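Take a look at the structure set out below.
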Amino acid sequence: MLEINLFEAIFLFVWLAVIVMTAWNLWMERSFKNLVVLLASAIIPVLGTVVGIVVGGLEWARRVKAHRESKA
70 MLEINLFEAI
80 FLFVWLAVIV
90 MTAWNLWMER
100 SFKNLVVLLA
110 SAIIPVLGTV
120 VGIVVGGLEW
130 ARRVKAHRES
140 KA
(Lines of atoms letter the chains of each structure in order from A and count residues from 1; the text may use other names and numbers.)
(Lines give C-alpha, C1' and ligand atoms only; values in the text may rest on other atoms or scores of the structure.)
Protein backbone atom coordinates (compact mmCIF):
# COMPACT_ATOMS: atom_id res chain seq x y z
CA MET A 1 0.00 0.00 0.00
CA LEU A 2 1.25 3.46 -0.83
CA GLU A 3 1.87 5.49 2.29
CA ILE A 4 2.44 9.22 2.16
CA ASN A 5 2.65 11.73 4.94
CA LEU A 6 0.89 15.09 5.12
CA PHE A 7 3.85 17.02 3.68
CA GLU A 8 4.02 14.74 0.65
CA ALA A 9 0.26 14.98 0.14
CA ILE A 10 0.37 18.79 0.23
CA PHE A 11 3.40 18.86 -2.08
CA LEU A 12 1.70 16.56 -4.60
CA PHE A 13 -1.51 18.59 -4.50
CA VAL A 14 0.36 21.88 -5.06
CA TRP A 15 2.47 20.33 -7.83
CA LEU A 16 -0.62 19.04 -9.65
CA ALA A 17 -2.36 22.39 -9.15
CA VAL A 18 0.61 24.22 -10.70
CA ILE A 19 0.59 21.88 -13.70
CA VAL A 20 -3.17 22.19 -14.24
CA MET A 21 -3.21 25.99 -13.80
CA THR A 22 -0.20 26.44 -16.08
CA ALA A 23 -1.72 24.18 -18.73
CA TRP A 24 -4.98 26.12 -18.53
CA ASN A 25 -3.13 29.44 -18.80
CA LEU A 26 -1.08 28.10 -21.72
CA TRP A 27 -4.28 26.97 -23.47
CA MET A 28 -5.92 30.38 -23.01
CA GLU A 29 -2.99 32.70 -23.75
CA ARG A 30 -0.58 30.64 -25.87
CA SER A 31 2.45 32.08 -24.05
CA PHE A 32 5.98 30.67 -24.40
CA LYS A 33 6.72 31.53 -20.75
CA ASN A 34 3.80 29.36 -19.65
CA LEU A 35 5.11 26.50 -21.77
CA VAL A 36 8.52 26.72 -20.06
CA VAL A 37 6.89 26.74 -16.60
CA LEU A 38 4.70 23.78 -17.54
CA LEU A 39 7.62 21.75 -18.83
CA ALA A 40 9.75 22.59 -15.78
CA SER A 41 6.98 21.76 -13.33
CA ALA A 42 6.29 18.45 -15.06
CA ILE A 43 9.83 17.30 -15.89
CA ILE A 44 11.84 18.26 -12.80
CA PRO A 45 9.91 16.05 -10.32
CA VAL A 46 9.92 13.16 -12.80
CA LEU A 47 13.70 13.45 -13.20
CA GLY A 48 14.05 13.59 -9.42
CA THR A 49 12.02 10.41 -9.11
CA VAL A 50 14.12 8.63 -11.74
CA VAL A 51 17.35 9.69 -10.01
CA GLY A 52 15.93 8.50 -6.68
CA ILE A 53 15.02 5.12 -8.13
CA VAL A 54 18.47 4.71 -9.72
CA VAL A 55 20.33 5.75 -6.56
CA GLY A 56 18.07 3.59 -4.39
CA GLY A 57 18.58 0.63 -6.71
CA LEU A 58 22.35 1.04 -6.62
CA GLU A 59 22.27 1.27 -2.82
CA TRP A 60 20.08 -1.83 -2.63
CA ALA A 61 22.41 -3.73 -4.97
CA ARG A 62 25.42 -2.72 -2.86
CA ARG A 63 23.71 -3.97 0.31
CA VAL A 64 22.70 -7.26 -1.32
CA LYS A 65 26.25 -7.80 -2.53
CA ALA A 66 27.69 -7.05 0.92
CA HIS A 67 25.14 -9.38 2.53
CA ARG A 68 26.00 -12.21 0.13
CA GLU A 69 29.73 -11.73 0.70
CA SER A 70 29.26 -11.78 4.48
CA LYS A 71 27.42 -15.13 4.24
CA ALA A 72 30.15 -16.78 2.15
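Using the numbering used here, read the sequence shown as starting at 70 and increasing by one per residue. Each residue gets a CB set at the ideal place from its N, CA and C atoms; glycine is no exception. This one's a predicted model, so the numbers in the text were calculated from it and none came from an experiment.
- The DSSP-derived three-state label of Arg-99 is coil.
- Just so you know, the alpha carbons of Leu-107 and Gly-121 end up roughly 22 Å apart.
- A straight line joining the alpha-carbon of Leu-116 with that of Leu-85 spans about 16 Å.
- C-alpha of Leu-95 to C-alpha of Lys-140: approximately 58 Å in a straight line.
- Cβ neighbours of Glu-98 within its own chain (closer than 8 Å, five residues either side excluded): none.
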